[in-house]
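Numbering (UniProt numbering), first residue to last: 1 to 376.
Positions of the beta carbon are idealized from the N, C-alpha and C atoms, including for glycine.
These figures come from a predicted structure and were not determined experimentally.
First comes the structure, then the notes that go with it.
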């Protein structure tokens, strides 16, 4: 055992050595790598955020630094934390230091946040989307089950899938079925105006907390116990990222997402309305996910969305959720997610093939009026 006087000298020497060492922080922001050099161990996280604002245009209040932790744990990290108190990941030390000054202390992390110039763009803005699928040489009507089956297995969708990249946030867990989640009016009702008026709020609090559907976090916490979670939103990435960050969803300690898809991952089809007129719309083809992650398929995937048309290529995998609107008088009494949590837990624990389950009757199952395996 080390003598106390020797121990004091040892730790004092270590602190002196660290105090003299420069710091390098390496941020990954989307596809961009940002290297912040000429920092000292006495600089603070606030200094880092200020440098990041100058590099990216992302305001400090919108920045989330993922992957940094103090020796006291990640929750102890705040703007006043000095860099000398950051914990260096052992597995990263040698690889990170080799690229810079050998005497530098290197910390790598992920920066999430949207530049102010981009953050309040109307979500209806038009990004490039894949060409409309239209097969005039087919002898069955567009919008029929035969036509949709053709599209679901056609070359256009296969090519679209090949060119669509999926960036993992957290790896899939072995044996977990898949839950694909829509955001707007399924899990939340987002308002950019409310955020603008409440610009000083903390992530997940203030106006942001009011945008969540009642029991949203509780629902996701329970769902994560039984399913791997994926978000697929019908808005652009910069808007989607804003929602996930401001509502505290991407860094929640009790649930995680495998990956997130935006509207550029949606496919375009033509369906037929009840009046016989055709119309073009975007859908969320689960084949895109199943092709890239073959452990998932229609047998173990459930897709929650408030828009039934998004299920067009995967009708049996879709579970329609009642749309949620904050301004409706009944919004505070909304308990849809509580019932869904019970149903989805029962579904996962049943070990049934999801192809044999009719999701449209989920409320009757929760009420005890029918069983999961009842097909009629």
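Alpha carbon of residue i to alpha carbon of residue j, nearest angstrom
i           : j           : result
residue 107 : residue 78  : 16 Å
residue 315 : residue 376 : 17 Å
residue 40  : residue 52  : 16 Å
residue 371 : residue 352 : 12 Å
residue 213 : residue 330 : 12 Å
residue 215 : residue 105 : 42 Å
residue 297 : residue 60  : 41 Å
residue 292 : residue 162 : 9 Å
residue 29  : residue 183 : 23 Å
residue 287 : residue 154 : 11 Å
residue 43  : residue 249 : 29 Å
residue 264 : residue 285 : 12 Å
residue 223 : residue 345 : 7 Å
residue 374 : residue 354 : 12 Å
residue 262 : residue 188 : 16 Å
residue 334 : residue 211 : 13 Å
residue 240 : residue 369 : 38 Å
Enclosing beta strand (DSSP E) for residue i [first to last residue]
i           : result
residue 28  : 22-29
residue 365 : Looking at the DSSP string, residue 365 is not in any beta strand (DSSP E); the run it does join, the alpha helix (DSSP H), is 362-366.
residue 187 : Careful: residue 187 lies outside any beta strand (DSSP E) and carries neither H nor E.
residue 261 : 257-261
DSSP beta-bridge partners of residue i
i           : result
residue 173 : Paired residue(s): none; residue 173 is not in a bridge.
residue 64  : 112
residue 34  : 27
residue 247 : Paired residues: none, contrary to the question.
residue 320 : 305
residue 179 : 229, 302
residue 267 : 283
residue 86  : 70
residue 167 : Paired residue(s): none; residue 167 is not in a bridge.
residue 252 : Answer by DSSP bridge pairing: none, since residue 252 is not bridged.
Close-in-space but distant-in-sequence residues of the same chain around residue i (CB under 7 Å, 5 per side omitted)
i           : result
residue 319 : 302, 303, 304, 359, 362
residue 115 : 56, 57, 58
Residue i - containing alpha helix (DSSP H), residue span
i           : result
residue 338 : 336-350
residue 213 : Segment: none, residue 213 is in no alpha helix (DSSP H) and carries neither H nor E.
residue 51  : 45-56
residue 158 : 155-163
residue 291 : 287-292
Contacts around residue i, its chain only, beta-carbon distance under 6 Å, and the 5 residues preceding and following it disregarded
i           : result
residue 339 : 366
residue 185 : 306, 323, 324
residue 282 : 266, 268
residue 219 : 337, 341
residue 93  : The pLDDT assigned to residue 93 is 44, lower than 50, so where the model puts this residue is not dependable, and the model offers no usable value.
residue 356 : none
Backbone secondary structure at residue i - three-state DSSP
i           : result
residue 307 : coil
residue 79  : coil
residue 355 : helix
residue 40  : strand
residue 235 : coil
residue 315 : helix
residue 70  : strand
Cβ of residue i within 8 Å of any chain B Cβ
i           : result
residue 188 : Although the question refers to chain B, the structure presented lacks it and comprises just one protein chain.
Residue i: CB within 7 Å of a non-hydrogen atom of the ligand FAD
i          : result
residue 39 : Summarising the ligand content, the structure contains no ligands, and the ligand FAD is consequently not present.
Beta-carbon contacts of residue i that lie in its chain and below 8 Å, excluding the five residues immediately before and after
i           : result
residue 173 : 228
residue 50  : 60
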